[in-house]
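With positions in the sequence shown counted from 1, the corresponding number in the numbering used here is that position plus 1171.
For each residue, glycine too, the CB sits at the ideal point set by N, CA and C.
A short write-up of the structure that comes next.
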Amino acid sequence: MDKNNTGAVLGWLWKAAAVLVLGVLLVLGGGCSGESQEERRSYGHDGYMGFSNSNPNTINRHSTRSYGEDTALIRQVLEPFQGIRDVKISFSGSRVLVTLTPREGLTREAQNRLTQHALETVKYNMPDYKVNVRMARP
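Given below as structure tokens:
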């Protein structure tokens, strides 16, 4: 084999090897990009033997809204209620306490109906929480 020919063959082999390695890297790297954002964030080995990922009622950081978003939703569903002057919302784990301040002149009976209606509405819209609604003094 000629010395010049050997160099050309070796040069060609190095180029072919580089293209092959690059192709393999592209195939391996490209296979990882098919995951969604949620799939990339989920982690089955969470220390609870997969419990938090397999129980849909467990509150965890990937599948639920924040307390701020939940507060905004509660305010939104109570906004159409006519007898409410102010709403205060507090959370304790899976419990939410909604304190309503009635408008002036609302009778005790109307306040009780308003409290019950607000309780039913918030429970319906926030099924993950144990909801308590109370009426503050005006």
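Should Ala-1289 and Phe-1252 be called a contact, given that it needs their Cβ atoms to be closer than 8 Å? Yes. Within cutoff.
In or out: Val-1195 buried (at least 16 other Cβ within 10 Å) or exposed? exposed
Range of the contiguous beta strand (DSSP E) that encloses Thr-1292: In this chain, Thr-1292 is not harboured by any beta strand (DSSP E); it is covered by the alpha helix (DSSP H) spanning 1279 to 1296.
For the 8 Å Cβ check, are there 3 or more pairs between the segment 1236 to 1243 and the segment 1268 to 1282? no
Cα separation between Met-1306 and Arg-1279? 10 Å
Using the three-state DSSP reduction, which class does His-1233 fall into: helix, strand or coil? Residue placement at His-1233 is flagged as unreliable, the pLDDT there being 48, under the threshold of 50; the coordinate-derived value follows with that caveat. The answer is coil: DSSP assigns His-1233 none of H, G, I, E or B.
Under three-state DSSP, which class holds Asp-1299? Correct three-state label for Asp-1299: coil.
Quick check on the DSSP output: the beta strand (DSSP E) that includes Arg-1313 runs from which residue to which? Since the displayed the chain opens at 1172 and closes at 1309, residue 1313 lies outside it and no answer follows.
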